[in-house]
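In this note's numbering, the protein residues as written are -3 to 516.
Worksheet for the structure shown next.
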């Protein structure tokens, strides 16, 4: 039974005048994807100049590897804008590629050895070198193959008018930002409890190329020669094989309060780890990592959802968060859907809106270490065998069927789908939830099941993903952008190149002083 933080909250915001405040929700997407050559190998070329300077372009950059593109949409309160803008970024970028393709899946394939994976080069400034050293440290700590895995992040924030009304409804901290912070951390805690539903519904990485494992052992079985899979897996990207970091298991970072979270991050970036100390920070003038601490930077902390604040220049993220408060939330559990040219289906943001509202309104006590162990175990079970017919999850030390729990969550989310439909008009949210609910009892409807079937039809994961990559890239290239949109992107490229040139011409202090000042 759904327990609310205040009995009047849902009733109040379900009525049309107050529901209208939800129209101010700001959303945005970040989508990563690899550039590959015509043979399906990881591209060895530099970031295309026609896409601008990756250090200074607002929408087109790279993540870890030089070949790992990252597309970022600006935040918008128009529900359809993020995916429309993302489509435009994809079309523009695909049309600048000379014979290369955009890899369709989350899990990479023909990437070679770590030595074959070039780290992104951002230029000659201290800020650029800082980003490169951080990435070199990630490769040193976890291997470069892990840094070529791609996903999609959903950025989300509620408008100030909503927060004011919510506080007035049932009370809370007198300082509005303190109230926002408290309720945001409550939302995150509930997302840690129930976020396993995301990889079940949208996971799309149940198989990998055998070459990706680089000879490391795994529990996966052969699907066809050259392809390994989990028979009931949903998201190997979120499993031990993917973007996980067990070196972080010893971190004492929790989401029970702003103070505990930021204190934990601060301690992690200042506490040396013996293994990282042994690896070394520098060899002469060459920096191997930014530090030998448990985390080089706060961004190295991998969590399903993170509270975020755009930091003023020179201010570290944890300090900005603690000083200025939560600005938006970053949900990080979406795999790329290889059947879709931009990797993201429209129903994903609809579901995320509903889930996050439910997590906000639902009572959210602190998470104990025992409960955190349960949450981690539930996510592990879902990503590795979520479609297993009799799968059980843990609830207060008791096993319960995933399907039963999933239906209960959909029941609990129903008022919030109705709330959003009241805000925007129509039945879009409720219709999407009704359709997604079918995936609980019919797991063959999930993207992970559909990917496995397609992999079998194509005779391997590489064959399938390469076929999708070719089809999507060619389709994006064949669709001309409106003249005004094309001009906007071309202008953004030139502006980023000019900004990069100006940065590169600026005198720089010694790099070690720059690093020391950042951590001071």
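All residues carry an ideal CB built from backbone N, CA and C; glycine is no exception.
As the structure is a computational prediction, the values presented were derived from the model and not from experiment.
Would you kindly work out how many angstroms separate the C-alpha atoms of residue i and residue j, rounded to a whole number?
i, j, result
"residue 448", "residue 303", "34 Å"
"residue 116", "residue 284", "15 Å"
"residue 147", "residue 458", "18 Å"
"residue 180", "residue 194", "19 Å"
"residue 417", "residue 467", "35 Å"
"residue 52", "residue 88", "17 Å"
"residue 173", "residue 75", "25 Å"
"residue 477", "residue 507", "42 Å"
"residue 282", "residue 94", "33 Å"
"residue 366", "residue 393", "9 Å"
"residue 102", "residue 56", "18 Å"
"residue 517", "residue 495", "Here the chain comprises residues numbered -3 to 516, so residue 517 is not present and cannot be evaluated."
"residue 450", "residue 219", "12 Å"
"residue 429", "residue 45", "42 Å"
"residue 309", "residue 196", "39 Å"
"residue 398", "residue 446", "20 Å"
"residue 491", "residue 501", "15 Å"
"residue 509", "residue 515", "10 Å"
"residue 237", "residue 107", "15 Å"
"residue 139", "residue 110", "7 Å"
"residue 105", "residue 113", "12 Å"
"residue 485", "residue 362", "45 Å"
"residue 470", "residue 341", "19 Å"
"residue 34", "residue 313", "39 Å"
"residue 43", "residue 31", "9 Å"
"residue 182", "residue 127", "32 Å"
"residue 132", "residue 58", "14 Å"
For the candidate residues the options, whose alpha-carbon lies nearest to that of residue i?
i, options, result
"residue 329", "501, 349, 199", "199"
"residue 435", "261, 12, 402", "402"
"residue 29", "399, 262, 360, 336", "336"
"residue 271", "408, 455, 137", "137"
"residue 503", "371, 289, 120, 433", "120"
"residue 14", "209, 156, 287", "156"
"residue 353", "253, 455, 361, 411", "411"
"residue 343", "149, 235, 437, 424", "424"
"residue 124", "60, 291, 185", "60"
"residue 390", "380, 408, 369", "369"
"residue 24", "31, 81, 40", "81"
"residue 360", "178, 388, 460", "178"
"residue 100", "358, 479, 463", "463"
"residue 78", "22, 444, 280", "22"
"residue 176", "154, 383, 382", "154"
"residue 407", "265, 432, 419, 160", "432"
When the cut-off is 7 Å and only beta carbons count, does residue i lie next to chain B?
i, result
"residue 229", "No chain B appears in the structure shown, which is made up of a single protein chain."
In the DSSP assignment, what residue or residues form a beta bridge with residue i?
i, result
"residue 272", "Bridge partners of residue 272: none, in fact."
"residue 396", "389"
"residue 56", "67"
"residue 407", "Residue 407 is not bridged to any residue."
"residue 105", "Answer by DSSP bridge pairing: none, since residue 105 is not bridged."
"residue 151", "24, 326"
"residue 32", "38, 97"
"residue 381", "Per DSSP, none; premise fails for residue 381."
"residue 218", "224"
"residue 282", "279"
"residue 304", "324"
"residue 203", "225"
"residue 163", "Note: residue 163 sits in no beta bridge, so no partner."
"residue 72", "23"
"residue 231", "201"
"residue 428", "Note: residue 428 sits in no beta bridge, so no partner."
"residue 492", "Per DSSP, none; premise fails for residue 492."
"residue 115", "61"
"residue 453", "For residue 453, which the question treats as bridged, DSSP gives no partner whatsoever."
"residue 289", "268"
For residue i, does the count of other Cβ atoms within 10 angstroms reach 16, so buried, or fall short, so exposed?
i, result
"residue 210", "exposed"
"residue 191", "buried"
"residue 26", "buried"
"residue 122", "buried"
"residue 6", "buried"
"residue 235", "buried"
"residue 375", "buried"
"residue 70", "exposed"
"residue 39", "buried"
"residue 413", "buried"
"residue 422", "exposed"
"residue 306", "exposed"
"residue 73", "exposed"
- Message: Three Cβ pairs or more, each shorter than 8 Å: is that satisfied between the stretch 222 to 236 and the stretch 202 to 211?
- Response: yes
- Would you check if there are 3 or more beta carbon pairs closer than 8 Å linking the stretch 294 to 310 to the stretch 157 to 165? no
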